[in-house]
Ligand code: 5GP
Ligand code: MN
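Residue numbers (the numbering used here): 59 to 416.
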């Protein structure tokens, strides 16, 4: 039998996944999205490439059907994403609170992208909880809260951007994915898989190839994300690796911490610390990496792991946070020192898993 053309391969593969089975498109939803609506697309605090990419991709897709769309985030996003089309119109609750309230009260459709509980959008969650409207969640974090009318949750997916592609594809609109939408989707694929190093699946590669076929300049996205750092980012990284890194070989764990003073000295803004935790995983024997930093109002933890070690469980059980098995986060209202001490005190509990081979 001759090899199937790529598009057919993709379709075959897509149909084999749970996604398109669980992701049924009830006719009520299809109809809703075919008639111009007043749509809000929301994503989580400290939006990352996947949050921003999926939100803007969905916006550009929906606008092709004449919907009036606003993208709203609780807080600011890293500067490098200013290069994404439509980023200039994003409303930030922390900065444009009144405008956000005005816009949200007029909406009748809410997309929840890359988050699965109101806690992740803070005060914006309190505000929209009781507003009327249809809620559609598309997300890949574990354990979604039952807050949407339509929930497309697939923790096995690489990214919400992957799911947005598949949402559009499932609605029969792959042809509407133009280079602008491609750029947004590719951003989330790259950031949430660390440039295809983790959380991948066969479909991510197919989607990437399809985006390139549709005119995406993939090198430009890589440049936007990785070659747009400021000098201070590299100096901060140098400081973290030289002065703030601890390696605990008996627990296959490494840790970087930053104090409030470090925040002042390096004039750290939102997004400046993105990706630092990943450097710890590049140590061969490290299975658990922690980045614990004293932000101006709260202590933030970012945990990463290799293999089966479930950092989602650690974040949820001990710090009231969450995320994915290999990448999770949480906030602590204890002091920096107390948080670091608590993290270290947990390690004996996980010693067996940390020492396990593989
Ligand atoms: P990061 O460490 O980069 O902030 O986040 C890693 C992953 O964990 C992301 O998918 C993020 O959405 C999730 N995450 C980060 N902080 C929290 C938190 O406080 N609560 C929950 N539920 N998830 C979080
Ligand atoms: Mn994501």
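We put the beta carbon where it would ideally sit given N, CA and C, even for glycine. Computed from a prediction, not measured in an experiment: that's the story for all the values here.
Worksheet entry | Helix, strand or coil at residue 403 according to DSSP, with G and I counted as helix | Of the three classes helix, strand and coil, the one that applies to residue 403 here is helix, per DSSP.
Item to complete: Output the distance between the C-alpha atoms of residue 178 and residue 232, rounded to the nearest integer angstrom.
Response: A direct Cα-Cα distance of roughly 30 angstroms separates residue 178 from residue 232.
Worksheet item: Nearest-angstrom Cα distance between residue 294 and residue 113?
Response: Spanning the alpha carbons of residue 294 and residue 113 requires a straight line of approximately 30 angstroms.
Discussion item. Using CA atoms only, rank isn't needed, just tell me which of 300, 141, 172 and 274 is closest to residue 285.
Written reply: The residue from 300, 141, 172 and 274 with its alpha-carbon nearest to that of residue 285 is 141.
Worksheet item: Do residue 167 and residue 183 have their CB atoms nearer than 8 angstroms?
Response: No, they are not a contact pair.
Practice prompt. Excluding the 5 residues preceding and the 5 following residue 73 in the sequence, name in chain order all residues of the same chain whose CB lies nearer than 6 angstroms to its CB.
Written response: In this predicted model, residue 73 has a pLDDT of only 40, less than 50, meaning its place in the structure is not dependable enough to derive any value.
Worksheet entry | Residue(s) in a DSSP beta bridge with residue 380 | Answer is 387, bridged to residue 380.
Practice prompt. Note down the Cα distance separating residue 80 from residue 390, rounded to an integer number of angstroms.
Written response: In this predicted model, residue 80 has a pLDDT of only 44, less than 50, meaning its place in the structure is not dependable; the value taken from the coordinates is given anyway. Cα to Cα, the separation comes out at about 36 angstroms.
Discussion item. Which complete beta strand (DSSP E) runs does the segment 73-151 hold, if anything under 3 residues is left out?
Written reply: Complete beta strand (DSSP E) runs here, min 3: 96-100 and 126-131.
Discussion item. Is residue 301 near ligand 2 - that is, is its Cβ less than 7 angstroms away from at least one heavy atom of it?
Written reply: No, since every heavy atom of ligand 2 falls outside the 7 angstroms radius drawn around the Cβ of residue 301.
Practice prompt. Give the DSSP-derived three-state secondary structure of residue 207 in the structure shown.
Written response: Residue 207: coil per DSSP, three-state reduction.
Fill in: Inter-stretch contact at 8 angstroms, needing at least 3 Cβ pairs: the segment 305-323 / the segment 155-174
The segment 305-323 and the segment 155-174 do not touch, with fewer than 3 CB-CB distances between them shorter than 8 angstroms.
Worksheet item: Buried or exposed: residue 251, going by 16 or more other Cβ atoms within 10 Å of its Cβ?
Response: By the Cβ neighbour-count rule, residue 251 is buried, with 16 or more other Cβ atoms within 10 Å of its own.
Worksheet item: Roughly how many angstroms separate the alpha carbons of residue 188 and residue 146, rounded to a whole number?
Response: For residue 188 and residue 146, the distance between alpha carbons rounds to 28 angstroms.
Worksheet item: Nearest CA to the CA of residue 101: which residue from 173, 111 and 194?
Response: Cα-wise, what sits closest to residue 101 is 173.
Item to complete: For residue 87, collect the residues of the same chain with a Cβ closer than 6 angstroms to its Cβ; drop the 5 residues on either side in sequence, then sort them by chain order.
Response: Excluding positions up to five away in sequence, the list reads 208.
Worksheet item: Which residue's Cα is closest to the Cα of residue 332: 361, 239 and 301?
Response: For residue 332, the closest of 361, 239 and 301 by C-alpha to C-alpha distance is 361.
Worksheet item: Does ligand 2 have a heavy atom nearer than 7 angstroms to the CB of residue 218?
Response: In this structure, ligand 2 has a non-hydrogen atom nearer than 7 angstroms to the beta-carbon of residue 218.
Fill in: Short CB-CB distance (under 8 angstroms) between residue 359 and chain C
Given the protein chain composition of this structure (a single chain), no chain C is represented.
Worksheet item: Can you list the beta strand (DSSP E) stretches of 3 or more residues lying completely in the segment 162-187, in chain order?
Response: Fully contained in the segment 162-187 are the following beta strand (DSSP E) runs of length 3 or more, in chain order: 167-171.
Discussion item. Does residue 153 pass the burial test, meaning 16 or more other C-beta atoms within 10 Å, or should it be called exposed?
Written reply: By the 10 Å Cβ count, residue 153 comes out exposed.
Fill in: Boundaries of the alpha helix (DSSP H) in which residue 320 is found, first to last residue
From DSSP, the alpha helix (DSSP H) with residue 320 extends over 318-323.
Worksheet entry | Where the beta strand (DSSP E) through residue 349 begins and ends | Residue 349 -> beta strand (DSSP E) spans 346-352.
Item to complete: Compare the C-alpha of residue 335 against each of 386, 129 and 171 and name the closest.
Response: For the residues 386, 129 and 171, the minimum Cα distance to residue 335 belongs to 386.
Fill in: residue 329 beta carbon less than 8 angstroms from that of residue 137
Yes. Within cutoff.
Practice prompt. Look up residue 312 in the DSSP assignment and give the residues it is bridged to.
Written response: For residue 312, which the question treats as bridged, DSSP gives the partners 305 and 347.
Practice prompt. Ignoring anything shorter than 4 residues or poking outside the segment 209-276, list the alpha helix (DSSP H) runs there in chain order.
Written response: For secondary structure counted as the alpha helix (DSSP H) over 4 or more consecutive residues, the segment 209-276 holds these complete runs in sequence order: 218-228, 237-251 and 260-271.
Practice prompt. Figure out for me which residue from 394, 380 and 131 has the closest Cα to the Cα of residue 321.
Written response: Taking only the C-alpha atoms, the option nearest residue 321 is 394.
Worksheet item: Would you say residue 104 touches ligand 1, meaning its beta carbon is less than 7 angstroms from a heavy atom?
Response: Ligand 1 has a heavy atom closer than 7 angstroms to the beta-carbon of residue 104.
Item to complete: Find the nearest neighbour of residue 271 within the set 240, 296, 247 and 260, judged by alpha-carbon distance.
Response: Residue 271 has its Cα closest to that of 240, out of 240, 296, 247 and 260.
Item to complete: Verify the contact flag: residue 386, CB atom, against every heavy atom of ligand 1, threshold strictly below 7 angstroms.
Response: Flag set: Cβ of residue 386 near ligand 1.
Worksheet entry | Closer than 7 angstroms: residue 108 CB and nearest ligand 2 heavy atom | Result yes, Cβ under 7 angstroms from ligand 2.
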